[in-house]
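Okay, structure first, notes after.
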């Protein structure tokens, strides 16, 4: 096991001494991120990169809170970002999402408001337990993860503020009643007043941040998409370059020398794969860190970010190993790796947001680590946490495992690591 | 002396091509054994099988009592290998290379550091140890390449043509290193296509050609195979027919054997000077221009010529 790590660390050391590789791994994606930032107006503060996200709103509640949520989506603050359309039938709205006509449908069920704001005639007592609020449904279009993520983040923000207000109000009423300052008969009317105040504040609480100090929580920075997009694009270069090093070591004699030493074939192959993985993690980690330090991009949940990076690099390493197993010479890996880098970059949304691509491209994009990685990074940038990343992380881990398994079979068949 | 290496009918085929054809030999503890043969004779394939890199098609060998096919990990602990090609990480320094390879042989901590220092001293690169290998001359790289093979103090060291492509000074240094290692008690298997190296270094020599071990023994035993003969080498003009001249010399009195290769004719006789006049006369008769003449006393080159009819460098 120790030898496996020693081989991996040796490869990491070697790659960081290779100037040409460093230019491709770090400088090129960093410069491209800056370029994309200028093109999209990020540095002039003119753009958040996403606009006119089509959203269907089915307001079956038609009470204060349901209307407030509908108003949030129709507000001036979100006018550039969201293009809301009212609908009356949940099934029709879901069908339209399935047909890729919009990014998400927000279904506000009947009784949403009354499940939160006490209806007239309710008598409060200290043993009175309010039922759980009726849940709002966000029916997301899985092929438009970024846009759907934005919509979901706005709804989550709204709901969490309503929930916060509800809990705060309930606690205050109960404390007043316990202190004898409020009679059960008056509690209901006081509670309504409190919740109505909450509802009035919610309509202005959800805003699209445009780099104004003190603005509220929903924000989407285009660099939070561009920076990982470029990092994932050039990650494909790194993993194919790493795979290339296996064949290069064979031709320069160091691989046979390793196999002559008391080191098993599994340790040698495992060490090489670990070297590729560590290099990829370092590359993406450095680029993400640089985007935070130089551009102020907020990445949200650190644990989620770290695990997502590990999963994305694992998925990409699987592709790197597969390319290596299929190639005969280092040059073949170089050319195949470059082609794969560009194809996955286009297909996986590194250049153009997948939400603007045809449905079949979005489906095809699922074979790329870029698409899953970007899905995860976007979720994080929109305030998501580790539990929200389970789908992309699982997909990336499955991708890496399957591809690595195929690569090992091909290695054995082609005798790359054989004596 | 007990044998540290015993090879039994070792063979390696690549499809229909037989690279090594069932060779057998042994190496005694503490000796330098040379495998002498031209390029493509099967020397590197033999070393690759003995060092467990290639799996033999048939046959086996034991090193220190361990079979190369059944117990390769035990074999790997006993042997050191200096490959023909320089197998180093050029972007690492000499010290970093030695540390990495030492770790691959299970060394660590202080024993590793002090062993690396010893080896750097031994190969004369202590002062340049912190320079990256890619900045070194060919000779210096060769020395590091050898140093890697010595790190774990192997009982048996395989050196596969370690002097190919280097300057005479570095070559001399490597040959001296080989002798020093042997004096310190290390057993060596040395492959070369340079007859002089085999002659200078070896206690015993195996001559290999086209995958066959065609002769085996001490230098004295091998030269006796040629008999008490000398070889006259005629270097002739480019347009002259060496084959025809050799054929015409076959019947001349006191000439034991005549053979041709490229622009040379080799004539074997008990006393070269006795047949010199006849050879020159024959050449003149056929209009062959003699550019120079060498007389060679029995040596490994003569043995190879005697056994194959070809010079080692062909």
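Protein chains in written order, with my numbering: chain E, 87 to 505; chain F, 10 to 323. We treat Cβ as the ideally placed atom computed from N, Cα and C, and that holds for glycine. On a predicted model such as this, the values are computed, not experimentally measured, just so you know.
Going by Cα to Cα distance, which pick from 499(E), 390(E), 358(E) is closest to residue 506(E)? Examination of residue 506(E) is not possible in this model, given that chain E is present from 87 through 505 alone.
For chain F, check one thing: does any of its Cβ atoms lie closer than 8 angstroms to the Cβ of residue 104(E)? Contacts with chain F at 8 angstroms (Cβ-Cβ) include residue 104(E).
Runs of alpha helix (DSSP H) lying entirely within the region 149–177 of chain E, each at least 4 residues, in chain order: Whole alpha helix (DSSP H) segments, 4+ residues: 150–159.
Given that residue 85(F) touches chain E, what residues does it touch there, using C-beta distances under 7 angstroms? 346, 347, 348
Between 456(E), 463(E), 378(E), 397(E), which lies nearest to residue 116(E) when the distance is taken from Cα to Cα? 378(E)
Would you say the beta carbon of residue 53(F) comes nearer than 7 angstroms to a heavy atom of the ligand ADP? By its list of ligands, the structure shown contains no ligand whatsoever, and the ligand ADP lies outside what it can speak to.
Any beta-carbon of chain E closer than 8 angstroms to the one on residue 149(F)? With 8 angstroms as the cut-off, residue 149(F) does not count as an interface residue toward chain E.
Within the same chain, show all residues whose beta-carbon is closer than 6 angstroms to that of residue 318(F), passing over the 5 residues directly before and after it, in chain order. 268
Which residues mark the beginning and the end of the alpha helix (DSSP H) in which residue 189(F) is found? 177–192
Beta-carbon neighbours of residue 109(F), restricted to chain E and to distances below 8 angstroms: 92, 96
Spell out whether any CB of chain F is found under 8 angstroms from the CB atom of residue 369(E). no
Inter-residue CB distance, residue 44(F) and residue 196(F) (contact presumed, cutoff 8 angstroms): With a Cβ gap of about 14 angstroms, residue 44(F) and residue 196(F) do not count as contacting.
What number of angstroms, rounded off, separates the C-alpha of residue 91(E) from the C-alpha of residue 104(F)? 19 angstroms
Same chain only: Cβ atoms within 8 angstroms of residue 422(E), ignoring 5 sequence neighbours per side: 326, 409, 412, 413
Anything in chain E within Cβ reach of residue 92(F), meaning under 9 angstroms, just list it in chain order. Going along chain E in sequence order, the residues near residue 92(F) (Cβ under 9 angstroms) are 339, 342, 343, 346.
Chain-ordered neighbours of residue 89(E) on chain F, where CB pairs are closer than 8 angstroms: 112, 113
State yes or no: is the C-beta of residue 237(E) within less than 8 angstroms of the C-beta of residue 139(E)? Cβ atoms of residue 237(E) and residue 139(E): closer than 8 angstroms.
Counting only the same chain and skipping the five closest in sequence on each side, list residues whose C-beta sits under 6 angstroms from that of residue 303(F). 242
Classify residue 321(F) as buried or exposed, calling it buried when 16 or more other Cβ atoms lie within 10 Å of its own Cβ. buried
In the DSSP assignment, the alpha helix (DSSP H) including residue 332(F) goes from what residue to what residue? Residue 332(F) falls outside the range modelled here, since chain F spans only 10 to 323, and no answer is possible.
Cβ closer than 8 angstroms: which chain F residues qualify as neighbours of residue 508(E)? Shown here, chain E extends from 87 to 505; a query on residue 508(E) therefore has no answer.
Would residue 511(E) and residue 401(E) qualify as a contact pair, given that the criterion is a beta-carbon distance under 8 angstroms? Since the first residue shown for chain E is 87 and the last is 505, residue 511(E) is missing from the structure and cannot be characterised.
Compare the C-alpha of residue 446(E) against each of 240(E), 438(E), 433(E), 437(E) and name the closest. Considering only 240(E), 438(E), 433(E), 437(E), the residue with the shortest C-alpha distance to residue 446(E) is 433(E).
So residue 357(E) is in the alpha helix (DSSP H); what residue range does that whole segment cover? 351–381
For residue 121(E), does the three-state DSSP call read helix, strand or coil? helix
Proximity to residue 310(F) [Cα-Cα], best of 275(F), 140(F), 284(F), 127(F): 275(F)
So that I know if they touch, is there some Cβ in chain E lying closer than 8 angstroms to that of residue 76(F)? So, not an interface residue.
So if DSSP puts residue 448(E) in a beta bridge, which residue, or which two residues, is it bridged to? DSSP output for residue 448(E) lists no bridge partner at all.
Going by Cα to Cα distance, which pick from 272(F), 279(F), 254(F) is closest to residue 264(F)? 279(F)
Runs of 3 residues minimum, wholly inside the region 35–120 of chain F: which ones carry the beta strand (DSSP E) assignment? 41–45, 67–72, 88–91
Tell whether a beta-carbon distance below 8 angstroms holds between residue 106(F) and residue 173(F). no
Looking only at its own chain, which residues have a Cβ that is under 8 angstroms from the Cβ of residue 64(F), when we skip the five neighbours before and after it? 58, 78
Neighbourhood of residue 299(F) by C-beta distance below 7 angstroms, restricted to the same chain and skipping five residues each side: Excluding sequence neighbours, residue 299(F) sits near 243, 245, 289, 292.
Report the three-state DSSP secondary structure of residue 143(F) (helix, strand or coil). helix
Would residue 473(E) and residue 459(E) qualify as a contact pair, given that the criterion is a beta-carbon distance under 8 angstroms? no
Length of the line joining the Cα atoms of residue 138(F) and residue 50(F): 36 angstroms
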